[in-house]
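Asker: Quick one: this structure, given as structure tokens, is what I'll be asking you about.
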Amino acid sequence: MGDRMRTIPFGDLLEWMMKEYREEGKVFGLQKNKFYISRDKAKMGTAFGMSLGSGTGPAAGPHTQLAQNILTAYLAGGRFIELKTVQKLDGEFMREAIAKPCINAEDEGYNVEWSTELKVEEAQREYIKAWVLCHVAMKEFGISEERDFAFNMSVGYDLEGIRTEKIDSFIEGLKDARKVPFFNECLETLREKAGLFDSFKAADIGSISPVVCTTLALSTLHGCPVQEIERIATYLLEEKGINLFIKCNPTLLGYEYARELLDSLGYGYLSFDDHHFKEDLQFDEAVAMLKRLMEKARSKGLICGVKLTNTFPVRIERKELPGEEMYMSGRSLLPLSIGVARKLGKAFAGSLPMAFSGGADALNMKELLDTGIQPVTVCTTLLKPGGYARLSQIASTTAKKLEGAYRGIDPLKLEALSDTVLADERLRKDFREGTLSRKTGSKLPLFDCFKAPCMGEGNLPHTDEGCPLGQNIPEYLKLAGRGDFGKAFSVIAKDNPSPSILGNLCSHPCQSHCTRVDYDRTLQIRSVKKLASDNAQENFIEGLGRAAAKSGAKALVIGAGPAGMSAALFLQRNGIRTVVFEKEDKAYGQVRYLVPGFRISDDAIDRDFSLAEKLGVEFRFGCSEEHDIEALSTEYDYVVVATGPVLDVEGEGELHGRKASQASEILRAAKAGHLKAEGRVLVAGSGFQALDAARVLKREEKVTSVAILGSYGEKADWVPFDEKSQLSLEGIGFVDTIGEAGRIDLIVNGDSFPARYAGKPKQSNVFYAGECRTGSGAMVSASADGKAAAREILRREGIEDDMREFRLELKPQDIYIAKGALRKSLSSKEEGSRCLRCHDICEICTEVCPNRANAAIEAEGFGNLHQIVHIDGMCNECGNCTFFCPHAGEPYRDKFTVFWTEEDFQDSGNTGILKAGSTLKYRDTEGNVLTFEGRPEGLEPKVMSIIGSLLDKYPHYLLDMDGR
Numbered sequence: 001m002g003d004r005m006r007t008i009p010f011g012d013l014l015e016w017m018m019k020e021y022r023e024e025g026k027v028f029g030l031q032k033n034k035f036y037i038s039r040d041k042a043k044m045g046t047a048f049g050m051s052l053g054s055g056t057g058p059a060a061g062p063h064t065q066l067a068q069n070i071l072t073a074y075l076a077g078g079r080f081i082e083l084k085t086v087q088k089l090d091g092e093f094m095r096e097a098i099a100k101p102c103i104n105a106e107d108e109g110y111n112v113e114w115s116t117e118l119k120v121e122e123a124q125r126e127y128i129k130a131w132v133l134c135h136v137a138m139k140e141f142g143i144s145e146e147r148d149f150a151f152n153m154s155v156g157y158d159l160e161g162i163r164t165e166k167i168d169s170f171i172e173g174l175k176d177a178r179k180v181p182f183f184n185e186c187l188e189t190l191r192e193k194a195g196l197f198d199s200f201k202a203a204d205i206g207s208i209s210p211v212v213c214t215t216l217a218l219s220t221l222h223g224c225p226v227q228e229i230e231r232i233a234t235y236l237l238e239e240k241g242i243n244l245f246i247k248c249n250p251t252l253l254g255y256e257y258a259r260e261l262l263d264s265l266g267y268g269y270l271s272f273d274d275h276h277f278k279e280d281l282q283f284d285e286a287v288a289m290l291k292r293l294m295e296k297a298r299s300k301g302l303i304c305g306v307k308l309t310n311t312f313p314v315r316i317e318r319k320e321l322p323g324e325e326m327y328m329s330g331r332s333l334l335p336l337s338i339g340v341a342r343k344l345g346k347a348f349a350g351s352l353p354m355a356f357s358g359g360a361d362a363l364n365m366k367e368l369l370d371t372g373i374q375p376v377t378v379c380t381t382l383l384k385p386g387g388y389a390r391l392s393q394i395a396s397t398t399a400k401k402l403e404g405a406y407r408g409i410d411p412l413k414l415e416a417l418s419d420t421v422l423a424d425e426r427l428r429k430d431f432r433e434g435t436l437s438r439k440t441g442s443k444l445p446l447f448d449c450f451k452a453p454c455m456g457e458g459n460l461p462h463t464d465e466g467c468p469l470g471q472n473i474p475e476y477l478k479l480a481g482r483g484d485f486g487k488a489f490s491v492i493a494k495d496n497p498s499p500s501i502l503g504n505l506c507s508h509p510c511q512s513h514c515t516r517v518d519y520d521r522t523l524q525i526r527s528v529k530k531l532a533s534d535n536a537q538e539n540f541i542e543g544l545g546r547a548a549a550k551s552g553a554k555a556l557v558i559g560a561g562p563a564g565m566s567a568a569l570f571l572q573r574n575g576i577r578t579v580v581f582e583k584e585d586k587a588y589g590q591v592r593y594l595v596p597g598f599r600i601s602d603d604a605i606d607r608d609f610s611l612a613e614k615l616g617v618e619f620r621f622g623c624s625e626e627h628d629i630e631a632l633s634t635e636y637d638y639v640v641v642a643t644g645p646v647l648d649v650e651g652e653g654e655l656h657g658r659k660a661s662q663a664s665e666i667l668r669a670a671k672a673g674h675l676k677a678e679g680r681v682l683v684a685g686s687g688f689q690a691l692d693a694a695r696v697l698k699r700e701e702k703v704t705s706v707a708i709l710g711s712y713g714e715k716a717d718w719v720p721f722d723e724k725s726q727l728s729l730e731g732i733g734f735v736d737t738i739g740e741a742g743r744i745d746l747i748v749n750g751d752s753f754p755a756r757y758a759g760k761p762k763q764s765n766v767f768y769a770g771e772c773r774t775g776s777g778a779m780v781s782a783s784a785d786g787k788a789a790a791r792e793i794l795r796r797e798g799i800e801d802d803m804r805e806f807r808l809e810l811k812p813q814d815i816y817i818a819k820g821a822l823r824k825s826l827s828s829k830e831e832g833s834r835c836l837r838c839h840d841i842c843e844i845c846t847e848v849c850p851n852r853a854n855a856a857i858e859a860e861g862f863g864n865l866h867q868i869v870h871i872d873g874m875c876n877e878c879g880n881c882t883f884f885c886p887h888a889g890e891p892y893r894d895k896f897t898v899f900w901t902e903e904d905f906q907d908s909g910n911t912g913i914l915k916a917g918s919t920l921k922y923r924d925t926e927g928n929v930l931t932f933e934g935r936p937e938g939l940e941p942k943v944m945s946i947i948g949s950l951l952d953k954y955p956h957y958l959l960d961m962d963g964r
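In UniProt numbering, the protein residues as written are 1 to 964.
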């Protein structure tokens with residue numbers, strides 16, 4: 001496929017908008033329950049004289065390049081539309097200059113974009129289309145009784161370019177669209193299609209003002225001299241007579257301040273030097289220049305202010321995007337942008353009008369507007385799951401700020417906000433769950449791709465794929481939220497053999513894959529599991545009885561740790577008599593004998609043991625550690641060896657040339673009640689045994705201090721934010737080098753050691769499970785390994801296991817309403833209400849696409865409610881959908897694709913169709929092209945269903961650009 005976007009004719013936009021709204025209750029993918037309706041006549045007055053129905057809108061960028069993007073942003077609540085920048089270089093030149101993919105908003109945002117990829121004339125037409133569309137939508141959908149939105153144009157980057165004929169015509173045409181014949185063509189098309197509408201009337205056409213923009217944002221390149229900036233601004237004020245925003249850079253803060261600030265928030269890996277800071281506009285220069293420009297503007301009856309801020313340039317060193325330098329945005333930019341606002345607010349005593357964009361979202365919008373900054377536009381937050389729908393919540397938070405006249409900036413509030421921002425844990429890098437990406441290793445299928453990455457695959461216990469046990473997480477979250485703990489626990493117990501233990505101790509890979517990671521905060525899935533177990537497990541156990549045998553086979557499990565208990569429970573429950581040999585006097589080995597009591601009680605462990613015991617599993621404790629596996633494999637039909645790792649290191653070893661105790665020995669002694677330690681302790685390691693050992697030692701009366709070495713430096717990405725915070729609260733310190741710890745009385749080695757473990761068993765009826773097979777691994781992975789062994793045994797016996805997926809029936813609209821809304825974590829019982837039900841309706845690729853190039857359609861014969869199709873003509877290969885798709889694939893390359901031109905069809909290898917008149921071309925997954933006159937025949941049923949649905953229900957997707 002190519003990266004050239006095709007602009008949609010105005011008449012087709014109108015028809016598309018109305019057909020989708022009437023038949024599907026949405027417009028360009030935005031559900032109508034996310035339309036932001038101005039309920040009263042309250043407006044926000046601005047320094048530039050505009051009255052807005054909300055204090056926010058899309059920032060200049062990918063969301064304001066095409067007409068459908070702008071319309072979608074308006075419907076969602078954007079009332080100040082910052083049009084994407086134009087310059088003298090455009091069209092084909094820009095498409096070749098911009099490396100693709102060009103957007104990565106996985107966490108803090110990065111881009112290598114520049115100005116519009118359209119030709120300047122095309123861009124002007126898109127903005128005029130959008131202007132008229134917003135007027136139509138305002139009336140037709142009851143958004144507002146009168147115009148409540150404004151457009152702001154953006155031009156760059158030097159005076160020579162701005163004075164060229166095409167940029168001058170662009171500016172003049174948006175100041176008064178009557179000068180542009182295309183504006184009148186749009187109005188004429190409206191008259192011709194007046195029958196499409198219910199509420200928008202032909203008489204309303206006359207109320208569409210030709211004045212598209214009364215404000216302009218000036219964008220200059222890094223290193224632009226102050227004299228050039230002032231010359232351009234003077235030209236725009238004096239000769240173009242337009243209100244002006246000067247875009248300012250975060251480099252106004254100075255290199256040392258920016259470096260120290262970002263380092264303190266955990267962004268020390270961002271690579272940049274001081275050359276931009278030296279070459280860009282300096283703060284004192286900016287203040288003097290802005291004072292002169294403000295005076296010139298006043299003399300012309302105009303306003304001059306600033307737009308804060310541009311993105312922040314950093315070097316590309318981790319392959320985030322192609323190229324050498326990229327531009328940072330989002331939550332890491334917010335403290336820098338606020339820092340610039342604070343300095344300028346103080347320098348001008350609040351008299352300098354400021355617009356803002358730099359990490360704003362629904363959870364900080366109100367505080368930003370409280371300072372008098374307005375409007376506040378957004379970009380990075382809209383590139384994340386929820387997409388444009390996030391604007392609806394953002395706009396709602398601004399409702400109380402619609403107080404009429406502009407009152408100026410409050411420097412004291414800006415000072416206070418700056419301090420608040422720096423203390424906001426959401427801005428810290430380690431606030432995000434310990435994962436770079438939610439993506440999993442699964443292949444993105446052509447159809448039926450919806451996936452809840454938290455659930456994992458259920459048969460991949462040692463991969464980073466969400467829950468290794470494949471639990472029905474959304475279901476038990478919803479049930480627990482309803483207060484039905486009994487049903488919630490029964491769903492948990494179907495797949496989880498140790499719910500109380502894992503409810504307390506699980507490393508919860510599900511949470512690092514939860515889609516909420518890209519919204520606000522991951523769902524507290526483990527806490528909900530614990531809540532259900534605490535409330536319902538005992539009653540569940542009372543209802544259990546010995547499982548009926550379904551086979552004459554007999555199984556032996558050696559080891560009653562998490563893996564062994566899992567294998568035993570699932571085998572016994574599904575009808576295979578099972579015996580367990582265990583060397584200790586009770587089940588659950590390391591959990592019982594090493595994990596501190598303040599993390600899990602013996603009662604919780606015993607509850608999980610009772611699940612297997614009540615089903616009839618036979619336990620033999622105090623067994624010898626020596627086993628003749630060959631003999632046992634003839635005595636039993638199946639043998640599962642789950643003895644855990646056998647470490648090569650016990651007692652004291654050496655670390656950094658000093659004697660070191662092992663964390664496991666410290667924990668065993670503490671659990672048995674005979675730990676003796678004193679003085680200053682250093683624990684080395686980053687695993688849970690190291691952290692538990694540090695906590696245990698901190699509780700010893702004669703221990704004066706505990707520090708952890710090597711856990712929060714290079715491995716900081718692994719450590720959960722909550723874990724780190726809790727250790728700090730407990731008075732446990734962190735050091736980067738052993739020298740920082742000073743005098744040490746006891747050093748504890750908490751790192752993992754090489755383990756002796758078996759390879760592939762010699763006997764076909766012998767299975768290894770858990771750490772004796774892998775050497776190491778999380779507890780939940782060991783449980784999943786035992787479950788996988790049990791499933792294979794059941795398969796061999798011809799027994800269908802009872803581990804079936806359970807689904808609650810929910811209305812689609814109840815799922816859609818949760819999308820696009822940021823919410824802080826709730827109590828464990830209420831957490832389920834934040835679940836986005838991705839396994840029912842994912843559609844993330846449709847949400848994060850700024851161009852609306854991925855669409856969800858209804859088609860028969862599939863497992864999912866909707867299927868995803870890609871619309872090639874609306875895509876510029878920005879790559880954003882790739883970063884957020886939970887699969888390993890790329891939606892814009894891997895999904896069934898609709899083409900609009902023969903050129904684009906030939907330039908692509910995507911599976912999909914091109915409809916030109918009565919002819920339809922189809923390219924299959926092998927690259928073969930078939931041509932049909934009329935409806936296709938003889939294709940694979942699912943392909944036939946998709947094509948039939950497009951032809952019958954979604955003909956507006958099948959634009960024939962060659963036939964125009």
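Heads up, the beta-carbon is just placed ideally off N, CA and C, and yes, glycines get one too.
Keep in mind the model is a prediction, meaning the values are calculated, not measured.
1. Could you tell me the distance, in whole angstroms, from the CA atom of I542 to the CA atom of K614?
2. DSSP has F485 in a bridge; who is on the other side?
3. So, for F149: in the same chain, excluding its five sequence neighbours on each side, which residues have a beta-carbon less than 8 Å away from its beta-carbon?
4. Considering only DSSP beta bridges, list what E933 is partnered with.
5. For C885, name the three-state secondary structure that DSSP assigns.
6. On the three-state DSSP scale, how would you describe I232?
7. Assuming contact is defined by CB atoms lying nearer than 8 Å, are E121 and K166 in contact in what I supplied?
8. Give the straight-line distance between the Cα atoms of R231 and L159, rounded to the nearest whole angstrom.
9. According to the neighbour-count rule (16 or more other Cβ atoms, all chains shown, within 10 Å of its Cβ), is T164 buried or exposed?
10. For D585, I'd like the list of residues in its chain whose CB is within less than 8 Å of its CB, leaving aside the five on either flank, ordered along the chain.
11. On the DSSP bridge assignment, give the partners of H870 in chain order.
12. Start and end of the alpha helix (DSSP H) containing C102?
13. Counting Cβ pairs closer than 8 Å, one from the stretch 419-434 and one from the stretch 872-880, do we hit at least three?
14. Please classify residue 988 as buried or exposed, where buried requires at least 16 other C-beta atoms within 10 Å of its C-beta.
15. Considering K129, what are the terminal residues of the alpha helix (DSSP H) in which it resides?
16. Check whether the Cβ atoms of L479 and L523 sit closer than 8 Å, and answer yes or no.
17. If Q65 sits next to L13, beta carbons under 8 Å apart, how far is it from one beta carbon to the other, in whole angstroms?
18. What do you reckon, are the CB atoms on P101 and K439 nearer than 8 Å?
19. How many angstroms separate the CA atom of S209 from the CA atom of K175?
20. Residues in its own chain within less than 8 Å of I946 by CB, not counting five upstream and five downstream?
21. Do you know how far the Cα of A399 is from the Cα of A888?
22. So, is N243 buried or exposed, given that buried needs 16 or more other C-beta atoms within 10 angstroms?
23. Nearest by alpha-carbon distance to Y269: which of R259, H275, H276 and F277 is it?
24. Should D840 be labelled buried (16 or more other beta-carbon atoms within 10 Å of its own) or exposed?
25. Within the stretch 255-328, note down every full beta strand (DSSP E) run reaching 3 residues or more, in order along the chain.
26. Under 8 Å by Cβ, that's how I've got M94 and E117 pegged, so tell me the actual separation to the nearest angstrom.
27. I'd like the ranges of any beta strand (DSSP E) spanning at least 3 consecutive residues and lying wholly in the stretch 134-207.
28. At a cut-off of 7 Å, would you count G441 as near the ligand HEM, judging by its Cβ distance to the nearest heavy atom?
29. Where does T214 fall in DSSP's three states?
30. Is the beta carbon of D608 sitting closer than 8 Å to the one on S728?
31. Hey, would you say E15 sits closer than 8 Å to H956, going by beta carbons?
32. Can you give me the C-alpha to C-alpha distance between L302 and L293, rounded to a whole angstrom?
33. Distance check for D361 and F806, CA to CA, integer angstroms please.
Answerer: On the basis of the data shown:
1. Residue 542 sits at position 542 when you count from the first residue of the sequence shown. Residue 614 sits at position 614 when you count from the first residue of the sequence shown. At residue 542 the sequence reads Glu, which differs from the Ile that was named. If you take the alpha carbons of E542 and K614, they lie about 8 Å apart.
2. For this step, residue 485 is matched to residue 485 along the sequence shown. According to DSSP, F485 bridges with nothing at all.
3. In the sequence shown, the residue the question calls residue 149 occupies position 149. The answer, listed in chain order, is L52, G53, G57, Y74, G78, R79, F80, I81, C134 and M138.
4. Here residue 933 refers to the residue found at position 933 of the sequence shown. T919, per the DSSP bridge assignment.
5. Along the sequence shown, read from residue 1 onward, the residue named residue 885 stands at position 885. The answer is coil: DSSP assigns C885 none of H, G, I, E or B.
6. Your numbering for residue 232 matches position 232 in the sequence shown. Helix.
7. Counted from its first residue, the sequence shown places residue 121 at position 121. Counted from its first residue, the sequence shown places residue 166 at position 166. E121 is a Cβ neighbour of K166, given a cutoff of 8 Å.
8. For the purposes of this step, residue 231 is identified with residue 231 of the sequence shown, where counting begins at 1. For the purposes of this step, residue 159 is identified with residue 159 of the sequence shown, where counting begins at 1. In this structure, the alpha-carbon of R231 lies about 7 Å from that of L159.
9. Along the sequence shown, one-based indexing puts residue 164 at 164. Its Cβ having fewer than 16 others within 10 Å, T164 is exposed.
10. Counting from 1 along the sequence shown, the entry for residue 585 is found at position 585. Hits under 8 Å: F621 and G622.
11. Here residue 870 refers to the residue found at position 870 of the sequence shown. N854 and T897.
12. Here the question's residue 102 lines up with position 102 in the sequence shown. C102 -> no alpha helix (DSSP H), and no H or E assigned at all.
13. In this structure the stretch 419-434 does not lie against the stretch 872-880, because fewer than three pairs of beta carbons, one per stretch, are closer than 8 Å.
14. Past the boundaries of the shown model lies residue 988; the chain is included only from 1 to 964, so the question cannot be answered.
15. Here residue 129 refers to the residue found at position 129 when the sequence shown is read from its first residue. K129 -> alpha helix (DSSP H) spans V120 to E140.
16. Position 479 of the sequence shown, counted from the first residue, corresponds to residue 479. Position 523 of the sequence shown, counted from the first residue, corresponds to residue 523. By the CB criterion at 8 Å, L479 and L523 fall outside the cutoff.
17. Locating residue 65 in the sequence shown gives position 65, counting from the first residue. Locating residue 13 in the sequence shown gives position 13, counting from the first residue. So it is not a contact: roughly 15 Å between Cβ atoms.
18. Along the sequence shown, one-based indexing puts residue 101 at 101. Along the sequence shown, one-based indexing puts residue 439 at 439. The answer is no: Cβ separation not under 8 Å.
19. Here residue 209 is taken as the residue at index 209 of the sequence shown, counted from 1. Here residue 175 is taken as the residue at index 175 of the sequence shown, counted from 1. Cα to Cα, S209 sits roughly 10 Å from K175.
20. Numbered from 1 along the sequence shown, position 946 holds the residue referred to as residue 946. So the qualifying residues of the chain are F447, I857, A859, Q867, V869 and F896.
21. Residue mapping note: residue 888 aligns to position 888 of the sequence shown, counting from 1. Residue mapping note: residue 399 aligns to position 399 of the sequence shown, counting from 1. Their backbone Cα atoms lie some 40 Å apart in a straight line.
22. By 1-based counting over the sequence shown, the position of residue 243 is 243. Answer is buried; the Cβ neighbour count reaches 16.
23. For this step, residue 269 is matched to residue 269 along the sequence shown. Cα-wise, what sits closest to Y269 is R259.
24. On the sequence shown, position 840 is the one that residue 840 refers to. Classification of D840: buried, given that the 10 Å Cβ count is 16 or more.
25. Qualifying beta strand (DSSP E) stretches, in chain order: 304-308 and 312-315.
26. By 1-based counting over the sequence shown, the position of residue 94 is 94. By 1-based counting over the sequence shown, the position of residue 117 is 117. Taking C-beta atoms under 8 Å as the contact rule, M94 and E117 qualify, at a distance of about 5 Å.
27. The qualifying runs are 150-155.
28. No copy of the ligand HEM appears in this structure; indeed no ligand is present at all.
29. For the purposes of this step, residue 214 is identified with residue 214 of the sequence shown, where counting begins at 1. Residue state, collapsed to three classes: strand.
30. Sequence index remark: in the sequence shown, residue 608 carries index 608 (1-based). Sequence index remark: in the sequence shown, residue 728 carries index 728 (1-based). In this structure, S728 does not lie closer than 8 Å to D608 by Cβ.
31. Here the question's residue 15 lines up with position 15 in the sequence shown. Here the question's residue 956 lines up with position 956 in the sequence shown. Taking 8 Å as the Cβ cut-off, E15 and H956 qualify as a contacting pair.
32. Your numbering for residue 302 matches position 302 in the sequence shown. Your numbering for residue 293 matches position 293 in the sequence shown. Approximately 10 Å between the Cα atoms of the pair.
33. Here residue 806 refers to the residue found at position 806 when the sequence shown is read from its first residue. Here residue 361 refers to the residue found at position 361 when the sequence shown is read from its first residue. C-alpha separation (whole angstroms): 36 Å.
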